[in-house]
Structures are given as structure tokens and as C-alpha cells.
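**Student:** Per my numbering: the sequence shown ends with 892, consecutive numbering throughout.
Each residue gets a CB set at the ideal place from its N, CA and C atoms; glycine is no exception.
Only a predicted model underlies this, so the values are computations on that prediction, with no experimental measurement involved.
This is the structure I have questions about; it appears just below.
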Amino acid sequence: MDRSEATAGGGRVPVTGGLLLACLGALAAYALGEVWRPSGNAVAMIYDLVAYDAVYLIGAALCRRTAVHRTDDRLVWNALAVALAAVALSTTLYAVALAPAAAYLPSWLLVALWAPVYPALGVALVGVVRSRVGTPHMSMWFDALTGACGAVIFAVTLLPALVSGPADGRLAVVQLYPVADTLLLAAVSAVCAVMGFRRDWPLVLIIAGLLCTLGADALLLSRVVDGEVAVDSQMKLAWLAGAAFTALAAHVAGRTPGIVPADADPVARLSWRVAFLPLGASVMSVVVLVSTWGSAGLGVAGWAAVTCLLATLARTAMSVQELRGLHDIREQARTDELTDLPNRRALLERTRAALEAADAGRPVALLLLDLDGFKEVNDSLGHAAGDDLLRMIGPRLWPELGGDDLLARLGGDEFAVLLPGTGLDDAIARADRVRALVLEPFVVHGVRLHVGVSVGIATGPVPAATVTELLRCADVAMYEAKNSRDGVRSYVPDARAGGGDRLRTMEDLRTALDEGQLLVHLQPQVALHGRAVVGVEALVRWQHPERGLLSPAVVLPAAEQAGLMRPLTGVVLGLALEAAAQWWPERAVPVSVNLSAASVTDLELPATVIRHLQEHGLPPEALTLELVEDTLMADPDRGRTVLGELRRLGIRTSIDDYGTGYSSLAYLRHLPADELKLDRSLTHDVGRDDRATAIVRHTVGLAHDLGLSLVAEGVEDEETAAALAALGCDIAQGWAIARPMPVVDFLGWLADRPAAPSRTPAVPAPRRPATCRPANSPSTAP
Numbered sequence: 111m112d113r114s115e116a117t118a119g120g121g122r123v124p125v126t127g128g129l130l131l132a133c134l135g136a137l138a139a140y141a142l143g144e145v146w147r148p149s150g151n152a153v154a155m156i157y158d159l160v161a162y163d164a165v166y167l168i169g170a171a172l173c174r175r176t177a178v179h180r181t182d183d184r185l186v187w188n189a190l191a192v193a194l195a196a197v198a199l200s201t202t203l204y205a206v207a208l209a210p211a212a213a214y215l216p217s218w219l220l221v222a223l224w225a226p227v228y229p230a231l232g233v234a235l236v237g238v239v240r241s242r243v244g245t246p247h248m249s250m251w252f253d254a255l256t257g258a259c260g261a262v263i264f265a266v267t268l269l270p271a272l273v274s275g276p277a278d279g280r281l282a283v284v285q286l287y288p289v290a291d292t293l294l295l296a297a298v299s300a301v302c303a304v305m306g307f308r309r310d311w312p313l314v315l316i317i318a319g320l321l322c323t324l325g326a327d328a329l330l331l332s333r334v335v336d337g338e339v340a341v342d343s344q345m346k347l348a349w350l351a352g353a354a355f356t357a358l359a360a361h362v363a364g365r366t367p368g369i370v371p372a373d374a375d376p377v378a379r380l381s382w383r384v385a386f387l388p389l390g391a392s393v394m395s396v397v398v399l400v401s402t403w404g405s406a407g408l409g410v411a412g413w414a415a416v417t418c419l420l421a422t423l424a425r426t427a428m429s430v431q432e433l434r435g436l437h438d439i440r441e442q443a444r445t446d447e448l449t450d451l452p453n454r455r456a457l458l459e460r461t462r463a464a465l466e467a468a469d470a471g472r473p474v475a476l477l478l479l480d481l482d483g484f485k486e487v488n489d490s491l492g493h494a495a496g497d498d499l500l501r502m503i504g505p506r507l508w509p510e511l512g513g514d515d516l517l518a519r520l521g522g523d524e525f526a527v528l529l530p531g532t533g534l535d536d537a538i539a540r541a542d543r544v545r546a547l548v549l550e551p552f553v554v555h556g557v558r559l560h561v562g563v564s565v566g567i568a569t570g571p572v573p574a575a576t577v578t579e580l581l582r583c584a585d586v587a588m589y590e591a592k593n594s595r596d597g598v599r600s601y602v603p604d605a606r607a608g609g610g611d612r613l614r615t616m617e618d619l620r621t622a623l624d625e626g627q628l629l630v631h632l633q634p635q636v637a638l639h640g641r642a643v644v645g646v647e648a649l650v651r652w653q654h655p656e657r658g659l660l661s662p663a664v665v666l667p668a669a670e671q672a673g674l675m676r677p678l679t680g681v682v683l684g685l686a687l688e689a690a691a692q693w694w695p696e697r698a699v700p701v702s703v704n705l706s707a708a709s710v711t712d713l714e715l716p717a718t719v720i721r722h723l724q725e726h727g728l729p730p731e732a733l734t735l736e737l738v739e740d741t742l743m744a745d746p747d748r749g750r751t752v753l754g755e756l757r758r759l760g761i762r763t764s765i766d767d768y769g770t771g772y773s774s775l776a777y778l779r780h781l782p783a784d785e786l787k788l789d790r791s792l793t794h795d796v797g798r799d800d801r802a803t804a805i806v807r808h809t810v811g812l813a814h815d816l817g818l819s820l821v822a823e824g825v826e827d828e829e830t831a832a833a834l835a836a837l838g839c840d841i842a843q844g845w846a847i848a849r850p851m852p853v854v855d856f857l858g859w860l861a862d863r864p865a866a867p868s869r870t871p872a873v874p875a876p877r878r879p880a881t882c883r884p885a886n887s888p889s890t891a892p
């Protein structure tokens with residue numbers, strides 16, 4: 111801004127600041143003159159005229175100067191300068207030449223004196239719209255028309271003399287002023303509403319000036335109606351205040367950056383701020399039409415009311431269309447263009463809302479999926495085939511999703527599944543089913559394809575309390591899943607990473623072992639023929655005082671890192687046998703406990719097990735110990751010695767996760783085991799995949815030929831259970847049977863189920879089929 115300076119009192123004061131001070135000084139001088147008036151009518155008249163006109167003239171000069179330096183708003187300030195100068199000129203002409211004869215002049219001449227004022231203000235309003243609205247919206251003009259009609263109705267109903275043609279022309283002229291003020295204010299309000307009421311201080315000050323003018327004109331009208339023609343000091347001060355506000359607006363505009371035109375705010379166009387104006391005018395229109403019902407004609411007020419209602423209806427129809435358009439835009443912004451699935455933005459919003467509503471009793475799970483082998487599809491068949499494959503993921507996974515679940519594409523070959531109200535155990539099972547669906551073959555461009563998928567699982571609000579943490583945890587778990595055998599991993603906050611979280615969890619686990627915070631959930635195992643309950647597996651849980659119920663995915667890595675596997679196994683063994691002692695007198699259903707590698711090579715393990723059995727009054731056949739074959743790799747000879755002693759004591763042993771380790775066939779010759787537990791990665795596709803079915807069929811035959819029982823873990827549906835039974839497998843464990851449940855719930859569940867017809871011998875006869883023992887989940891140790 112040009113800051114031409116003038117010397118005043120030895121200092122430098124900007125010209126616009128000096129003009130503003132002069133304008134305010136003239137206003138103060140006039141106000142002082144109302145208290146102390148100079149003697150003599152002529153002197154008083156001159157004093158009033160000079161001080162009064164000085165406010166308008168200085169304000170006009172200030173507006174003109176702002177117009178010179180504000181090219182973006184030049185029309186506004188030039189028009190306001192003309193309006194202020196016209197008021198000063200009209201006041202001077204009236205006071206000097208026409209006042210003595212005003213009572214004898216026709217009313218049209220009085221109108222002509224102030225005629226340039228309102229057209230100039232109208233031009234200023236047009237300038238406001240042009241400088242602030244990039245693309246004027248049709249709704250803005252409907253709002254302005256509605257406001258104008260409302261102003262006409264207001265004027266006509268409250269000022270009936272305007273329509274009936276009063277005998278006093280002066281009264282008719284005076285009525286025009288508040289009507290014109292109201293029209294201007296209605297138009298400005300419509301513009302501001304549509305633009306969203308941005309913080310535009312010059313415009314706010316201009317509106318304040320119009321309000322002062324409206325107040326003075328309304329006061330003048332009331333005095334004329336009461337028969338008082340004189341204009342008093344209150345009206346003059348109100349008019350001068352309006353001019354001062356306009357001058358202040360020009361000064362502020364000269365000190366602020368230029369205005370960048372913006373399109374009308376679509377949100378503002380649909381808010382209460384916009385609805386207030388047409389609603390008020392519509393209510394007034396209905397009142398007018400009801401009051402004139404049955405009259406000979408509508409009259410000015412009636413036609414204005416009809417026009418107002420039609421404009422309001424058009425504005426409402428436009429708002430509905432805009433609302434529909436905003437909804438479409440919102441959906442497009444939250445939808446993946448390629449797959450029509452929700453995108454990352456939609457996932458973040460839903461996840462944030464789910465975490466805010468989550469607590470320890472209603473957690474949130476997030477599955478992060480990354481396709482394996484997708485790059486090869488693109489390289490071999492082209493990007494069009496890759497795009498078609500991505501489009502097939504949504505329809506493939508939809509049957510697995512519930513009403514509140516959300517499947518989203520994050521980008522590339524990454525997808526995410528949000529599971530509100532789902533804990534870690536349920537999320538693992540859901541992840542297994544999702545992965546199995548993706549592993550089924552796709553037919554793309556006539557080619558049968560198999561792609562792999564790695565699934566990472568994270569839960570909130572524990573351990574991830576925010577959306578960012580939940581995504582990070584799921585991403586970490588997903589990359590761990592890429593290096594795993596089964597392709598599914600859940601995030602363990604302190605399993606292998608360093609930092610304060612890992613140390614705190616290990617210390618908390620020590621306290622949990624001492625204070626009895628650990629407990630077991632039980633998952634039943636049933637014979638596939640007859641569905642008799644033949645066993646139950648004990649799965650460790652940790653009732654953390656702050657983090658809620660924690661699964662083995664948190665407990666086991668922390669115990670391994672802290673060197674607490676042996677005491678943990680002892681606690682779980684005691685809890686499992688304590689639970690078994692509650693049903694054993696009535697139902698001889700054995701309980702299975704998973705052993706860690708440290709426990710398998712512990713030479714004191716047999717004595718420890720016998721002591722626990724004796725403490726709870728249970729025989730050896732009440733317990734089955736499970737281990738994965740990889741746990742014997744560190745010291746195979748010592749492990750076989752421990753297992754041999756356990757078997758001699760009458761305690762059954764089971765090889766868990768059979769088919770996922772290495773050297774399986776070689777170790778079957780030497781391990782003193784009684785049963786095999788077939789891993790869920792082999793059982794899931796039985797009956798749907800010929801190769802999986804063949805593997806299971808031959809494994810069943812091998813186990814029976816070696817005198818081993820065969821159990822199937824991860825049996826999630828009746829179709830799989832029927833297929834396994836047809837292949838000769840004897841016992842199953844999984845969600846098709848029952849989910850893991852607290853001990854109290856299991857006791858009630860067991861009471862409603864049939865008992866096994868006979869007990870399985872502790873040591874099956876070699877090379878004879880034996881009754882299968884139930885299977886457990888790969889994440890359920892110990």
C-alpha cells in the first residue's frame with residue numbers, strides 16, 4: 111500500500127490514518143456542538159453544516175484514496191466515495207437553498223436531492239460481489255430476491271401509507287429510506303451467507319454503517335408519522351456514525367491484503383446461516399397471504415409474498431440438488447476408483463470412529479492384506495489383467511464380512527479389513543478365512559491363477575490406541591507374516607522389538623505370575639463320528655489390570671524374552687488341571703496343555719506333572735501334553751528322554767502343527783508320541799482342493815498305520831468337518847465345534863453334550879488305528 115506521509119507534530123503519520131483521525135475529529139466536534147452550541151442561528155447553522163459535511167467529505171476522500179490503491183475493490187470504494195459525497199452535497203443544498211422553502215416544494219424534488227446515494231450504494235454492492243465471488247452461484251441471486259421481497263413485504267405491511275397513496279408527500283418520501291436500507295441489508299446478508307461469512311472486516315464495518323443509517327431513517331419515519339417534522343441530534347449522530355463506520359472500513363481495507371475471489375462455499379449454502387434469510391421471508395409471506403385471503407386482489411404485498419415463496423421453492427430445490435452433489439463428491443473422495451471399494455480416507459475415518467467407541471470389552475481389529483505374486487501377474491499378463499485381479503478381491507471377500515466390517519483398498523495390492531467389536535482370537539480366525547478365500551484360484555483373461563496373501567493383524571485400543579498406531583502395528587505384523595509359514599501374524603508389541611513397551615510387558619508378566627492374573631480358556635474337541643466330547647485344550651489368557659484380556663500372542667513372546675516359559679508352563683498346567691478336576695468325576699474328558707521348548711528338555715518335567723496331577727486328584731490319563739516337532743531340534747536326545755518318561759507314566763503326548771515343520775517323517779520314527787495334530791493350513795481346503803484332500807487322506811493312513819491318532823485343527827465349518835470325517839480323521843477342534851470359552855462357560859457347554867462311549871488307552875497299540883485326539887490352534891500355546 112502506498113504510504114505517502116505528511117509531517118505532523120514532528121512525526122510521520124500515514125495519510126489514510128490522518129484522514130481517519132480527521133473524520134473522527136469532525137464527528138467529535140459535531141457531537142460537542144450538540145452540547146455546547148454557538149450563539150446565533152446563522153453561526154450555529156454554519157457550524158453544524160461544516161462539522162456535519164466534514165465527516166462525509168473526509169470519509170469520501172478516504173474511500174477514494176483506498177480505491178486508488180486497491181485495484182481488486184476499486185469499484186466498491188469509488189461507489190462509496192460517490193455516496194458519501196452525494197450525502198454531503200445534498201445536505202448542503204437542502205440547508206442553504208431549499209430549507210426555507212422546503213414546505214412548499216413537491217416531494218419528487220426532495221427525493222432528487224438524495225437520489226444518487228442509493229444507486230451508488232447498489233453499485234458498491236455489485237462491486238462486493240464481483241471482488242469476492244469467483245463464480246457467482248444462482249442460489250445467491252435467489253437469496254437476494256427472497257430478501258428483497260421480504261423487505262418489500264416488511265415495508266408495505268408496516269407502512270401502509272406507501273401503497274395507499276398518502277396525502278402528505280413528505281411521508282411517502284421518508285418511507286422510501288428505510289425500505290431502501292432494508293433492501294441493501296438483505297442483499298448484503300445473502301451474499302455473506304452464501305460466501306460462508308469469511309472474516310472480512312471492511313465488509314463487516316460497511317454493514318455496521320448501513321445498520322446505523324437504517325436506524326436513523328426508521329427513527330425519522332416514526333417522528334414524521336407522529337407529526338414531528340424536525341430532524342433531531344440523535345438521527346444526525348446515527349447518520350454520522352454510519353459515515354464514520356464506512357471511513358473506518360476504507361482505512362482497514364487499505365491496510366489488509368488484496369482479496370482473492372473464491373467460489374461460493376457449498377457447505378455454507380446448505381447451513382442454517384443461509385436458511386435463516388429465506389425462512390424468515392417465507393414465514394412473513396405466508397402470514398401476508400393468509401391475512402389477505404378472500405380480498406379482491408393481492409396487492410403489492412401479496413405479489414411480493416408470492417414471488418418470495420416461489421424464490422424460496424427454487425432455492426430449496428437447488429439446495430437439495432447441491433446436497434445430492436455434495437454426497438456424490440463425498441462418496442467419490444472416499445471410494446477407490448479402480449475397485450469401487452472404500453479407500454484409505456474412508457478407512458481412516460471409520461477406524462477413528464471405531465477406536466473412539468472401543469474399550470476393553472469391545473475392541474477393534476484391523477487386518478492388513480498384501481497380495482504375494484501380484485507383480486508377476488502384471489509382468490506376465492499385463493496391467494489390465496492385474497487391474498482385473500484387484501477388482502475380483504472385493505467380491506471374493508464380501509461373504510466373509512459382517513454388517514459393521516469394512517473392506518478397503520489402500521493402494522497397489524494392499525487391502526485392509528476393519529473389524530469393529532472383534533478381539534484378537536476372533537480376528538485370527540477371520541484372517542485365516544480371509545486368507546483361504548484369496549488363496550482360491552482366480553480366472554483372469556482366461557488364465558487360472560493362484561496368488562498368495564500375507565495378513566497382518568493389529569487390535570485397538572490395546573496395544574494401538576490411535577489410527578496411526580493401528581496401521582503401523584498391522585503393517586509390522588503383515589511383514590512378519592510374509593516370512594511365516596501360515597501367512598498370518600498378529601502384532602505383538604514387545605515380542606522382538608526393543609524399547610520401553612517390551613520391558614514393561616515383561617515386568618508386568620512377572621507380577622501376573624505372582625499375583626494370579628493368568629487364566630485359561632477352554633476349547634472343546636469332539637469325535638467326528640457321533641460328536642462325543644473327547645477332550646479340551648487349555649489356552650492361556652492374561653487378565654491385565656490396564657490392558658484388558660490379552661491373548662497368547664502377547665503372553666508367549668514376553669515370557670520367552672523374559673525367560674519365564676518354565677514358570678508360565680507350570681502355572682498354565684496347574685490352572686488346566688484345576689479346571690479338569692471340576693468335571694472329571696462326572697465326565698472323564700482329558701485336558702491338553704502345550705509345552706514350550708524349554709519345558710520339553712526339562713528333566714524335572716515328569717515329576718512336576720505328576721505332582722500337579724496328585725494335587726488335584728487326577729489320574730495321568732486326564733492330561734495330554736502337546737509340542738511342536740521343532741521344539742526338539744535344540745536337544746533331540748534329551749527331549750525324547752523326557753517324553754519317554756512321561757509316556758511311561760501314562761501321560762499322552764501329541765505332535766502339534768503337524769505338516770508345517772521339517773523332517774516330519776524322520777522324527778515320526780523316533781518321537782514317543784500318541785497322536786498327530788494336522789495343521790489348519792492343510793485342513794482348511796479339504797473337499798475344495800484336490801491336492802489338499804490327497805495330502806490329508808495319505809496323512810490319515812500314515813498316522814493310523816503307525817498307531818497314532820489323527821486330529822484336525824482349525825475346523826471352521828460343517829463342510830470341512832464332513833470332508834475330514836469321510837477321509838478317516840477322528841476328532842476335530844475349531845469354530846465349527848466351539849470357540850474358546852471361560853471355564854464356567856465350558857462346564858455349562860459340556861453338560862449339554864454327549865459323553866464319549868469309551869476312553870482312549872494312554873498308549874495306542876502300534877500299527878492300529880486309535881481314537882483321534884482333538885487339535886489346537888497354532889497360536890494357543892501353552
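(1) Measure from the alpha carbon of Ala842 to the alpha carbon of each residue in Ile720, Gly858, Gly319, Ser819, then state which is nearest.
(2) Rank Gly522, Leu517, His560 by C-alpha distance to the C-alpha of Arg540 and give the top, closest one.
(3) Hey, would you say Leu358 sits closer than 8 Å to Leu315, going by beta carbons?
(4) Would you please state the rounded distance, in angstroms, between the beta carbons of Glu731 and Gly760? I believe it to be under 8 Å.
(5) Could you give the DSSP three-state label for Asp450: helix, strand or coil?
(6) Any chance the segment 591 to 601 sits against the segment 637 to 655, with 3 or more Cβ pairs inside 8 Å?
(7) Could you check if Trp311 is buried or exposed, using at least 16 other CB atoms within 10 Å of its CB as the buried criterion?
(8) State buried or exposed for Pro505, treating a residue as buried only when at least 16 other CB atoms are found within 10 Å of its CB.
(9) Apart from the five residues just before and just after Pro850, which ones in its own chain have a Cβ nearer than 7 Å to its Cβ?
(10) For the segment 533 to 607, which segments carrying the alpha helix (DSSP H) assignment without a break, of at least 4 residues, lie completely within its bounds, in sequence order?
(11) Quick one: Cα of Arg543 to Cα of Gly533, how far?
(12) From the DSSP output, in three-state form, read off Leu73 for me.
(13) Go through its chain and collect everything with a Cβ distance to Ile168's Cβ below 8 Å, but skip five positions before and after it.
(14) For Gln627, report the span of its alpha helix (DSSP H) as first-last.
(15) I'd like to check one pair, Leu465 with Val586: are the Cβ atoms closer than 8 Å?
(16) Using the Cα positions of Ala138 and Ala193, report the straight-line distance between them to the nearest angstrom.
(17) With DSSP run on the structure shown, which of helix, strand or coil describes Glu670?
(18) Any idea if Leu142 is buried or exposed, counting beta-carbon neighbours within 10 angstroms, 16 or more meaning buried?
(19) For Ile263, name the three-state secondary structure that DSSP assigns.
(20) Since Ala648 sits in a beta bridge, which residues does DSSP pair it with?
(21) Contact check, Pro573 vs Cys583 under 8 Å by CB: the rounded distance?
(22) DSSP on Arg519, reduced to helix/strand/coil?
(23) By the three-class DSSP mapping on this structure, what secondary structure does His726 have?
(24) Measuring alpha carbon to alpha carbon, tell me which of Gln671, Gly754, Ala575 ends up nearest Arg614.
(25) Output the boundary residues of the beta strand (DSSP E) element that contains Thr734.
(26) If contacts are defined as beta-carbon pairs under 8 Å, then Leu816 and Ala802 qualify, I think. What distance do you get, rounded to the angstrom?
(27) Under a three-way DSSP split, which group does Val314 fall into?
(28) How far does the alpha helix (DSSP H) with Asp747 in it extend, from its first residue to its last?
(29) Measure from the alpha carbon of Leu778 to the alpha carbon of each residue in His179, Glu459, Pro746, Leu457, then state which is nearest.
(30) Let me check you understand the geometry: is the CB of Leu350 closer than 7 Å to at least one non-hydrogen atom of the ligand SAH?
(31) Is the distance from the Cβ of Val487 to the Cβ of Ala495 below 8 Å?
(32) Report buried or exposed for Val165, applying the criterion of at least 16 other Cβ atoms within 10 angstroms of its Cβ.
(33) Only counting the same chain, and skipping five residues up and downstream in sequence, which positions put a Cβ closer than 6 Å to that of Thr181?
(34) Return the CA-CA distance between Ala328 and Val197, expressed in angstroms with no decimal places.
(35) How many angstroms separate the CA atom of Gly521 from the CA atom of Lys485?
(36) Kindly list the residues whose CB is nearer than 6 Å to the CB of Met588, restricted to its own chain and excluding five residues on each side of it in sequence; keep chain order.
**Tutor:** Looking at the atomic coordinates:
(1) If you number the sequence shown from 1, residue 842 lands on position 732. Ranking Ile720, Gly858, Gly319, Ser819 by Cα distance to Ala842 puts Ser819 first.
(2) For the purposes of this step, residue 540 is identified with residue 430 of the sequence shown, where counting begins at 1. Closest option to Arg540, Cα to Cα, is Leu517.
(3) The residue you call residue 358 lines up with position 248 of the sequence shown. The residue you call residue 315 lines up with position 205 of the sequence shown. Yes, they are a contact pair.
(4) Taking the sequence shown and counting its residues from 1, the one referred to as residue 731 is at position 621. Taking the sequence shown and counting its residues from 1, the one referred to as residue 760 is at position 650. Contact holds; Cβ gap of about 6 Å.
(5) On the sequence shown, position 340 is the one that residue 450 refers to. Reduced to three states, the DSSP call for Asp450 is coil.
(6) Verdict: no, contact absent.
(7) Taking the first residue of the sequence shown as position 1, residue 311 is located at position 201. With fewer than 16 other Cβ atoms within 10 Å, it is exposed.
(8) Numbered from its first residue, the sequence shown carries residue 505 at position 395. It is exposed - the Cβ of Pro505 has fewer than 16 other Cβ atoms within 10 Å.
(9) Walking along the sequence shown from the start, residue 850 turns up at place 740. Cβ within range, chain order: Asp535, His631, Leu632, Gln633, Leu649.
(10) 534 to 549, 577 to 592
(11) Within the sequence shown, residue 543 is the residue found at index 433, counting from 1. Within the sequence shown, residue 533 is the residue found at index 423, counting from 1. When rounded, the distance between both Cα atoms is 16 Å.
(12) Given that the chain is displayed from residue 111 to residue 892, the structure contains no residue 73 and the question cannot be resolved.
(13) Numbered from its first residue, the sequence shown carries residue 168 at position 58. Within the same chain, Ile168 has close Cβ partners Leu129, Ala132, Cys133, Ala136, Ala357.
(14) Taking the sequence shown and counting its residues from 1, the one referred to as residue 627 is at position 517. No alpha helix (DSSP H) contains Gln627, which DSSP labels as neither H nor E.
(15) On the sequence shown, position 476 is the one that residue 586 refers to. On the sequence shown, position 355 is the one that residue 465 refers to. No, they are not a contact pair.
(16) Reading the sequence shown from its first residue, position 28 is the one you call residue 138. Reading the sequence shown from its first residue, position 83 is the one you call residue 193. The alpha-carbon atoms of Ala138 and Ala193 are separated by roughly 22 Å.
(17) Taking the sequence shown and counting its residues from 1, one reaches residue 670 at position 560. Looking at Glu670 - three-state DSSP - the assignment turns out to be helix.
(18) Locating residue 142 in the sequence shown gives position 32, where the first residue counts as 1. The residue in question, Leu142, is exposed, as its Cβ has fewer than 16 Cβ neighbours within 10 Å.
(19) Looking up residue 263 in the sequence shown gives position 153. Helix.
(20) As a first step, residue 648 must be located in the sequence shown, where it is residue number 538. Per DSSP, Leu632.
(21) As a working note, residue 573 is residue 463 in the sequence shown. As a working note, residue 583 is residue 473 in the sequence shown. Right, the Cβ-Cβ distance comes to about 7 Å (below 8 Å), so this counts as a contact.
(22) Translated into the one-based positions of the sequence shown, residue 519 becomes position 409. Reduced to three states, the DSSP call for Arg519 is strand.
(23) Walking along the sequence shown from the start, residue 726 turns up at place 616. His726: coil per DSSP, three-state reduction.
(24) As a first step, residue 614 is located in the sequence shown; it is residue number 504 there, counting from the start. Answer by Cα proximity: Gln671.
(25) As a first step, residue 734 is located in the sequence shown; it is residue number 624 there, counting from the start. Note, Thr734: beta strand (DSSP E), 733 to 738.
(26) Locating residue 816 in the sequence shown gives position 706, where the first residue counts as 1. Locating residue 802 in the sequence shown gives position 692, where the first residue counts as 1. About 21 Å separates the two Cβ atoms, so there is no contact after all.
(27) Against the sequence shown, residue 314 aligns to sequence position 204. The answer is helix: DSSP assigns Val314 an H, G or I state.
(28) In the sequence shown, the residue the question calls residue 747 occupies position 637. Start and end: 746 to 758.
(29) Residue mapping note: residue 778 aligns to position 668 of the sequence shown, counting from 1. The shortest Cα separation from Leu778 among His179, Glu459, Pro746, Leu457 belongs to Pro746.
(30) No copy of the ligand SAH appears in this structure; indeed no ligand is present at all.
(31) Here the question's residue 487 lines up with position 377 in the sequence shown. Here the question's residue 495 lines up with position 385 in the sequence shown. Contact: yes.
(32) Here the question's residue 165 lines up with position 55 in the sequence shown. Buried, by the Cβ-count rule.
(33) Sequence index remark: in the sequence shown, residue 181 carries index 71 (1-based). Once the five neighbours on either side are set aside, Thr181 has no close Cβ partner at all.
(34) Reading the sequence shown from its first residue, position 218 is the one you call residue 328. Reading the sequence shown from its first residue, position 87 is the one you call residue 197. Rounded to whole angstroms, Ala328 to Val197 spans 17 Å at the Cα level.
(35) The residue you call residue 521 lines up with position 411 of the sequence shown. The residue you call residue 485 lines up with position 375 of the sequence shown. Each residue's alpha carbon lies about 14 Å from the other.
(36) Position 478 of the sequence shown holds residue 588. Closer than 6 Å at Cβ, skipping near neighbours: Leu478, Asp480, Ser564, Gly566.
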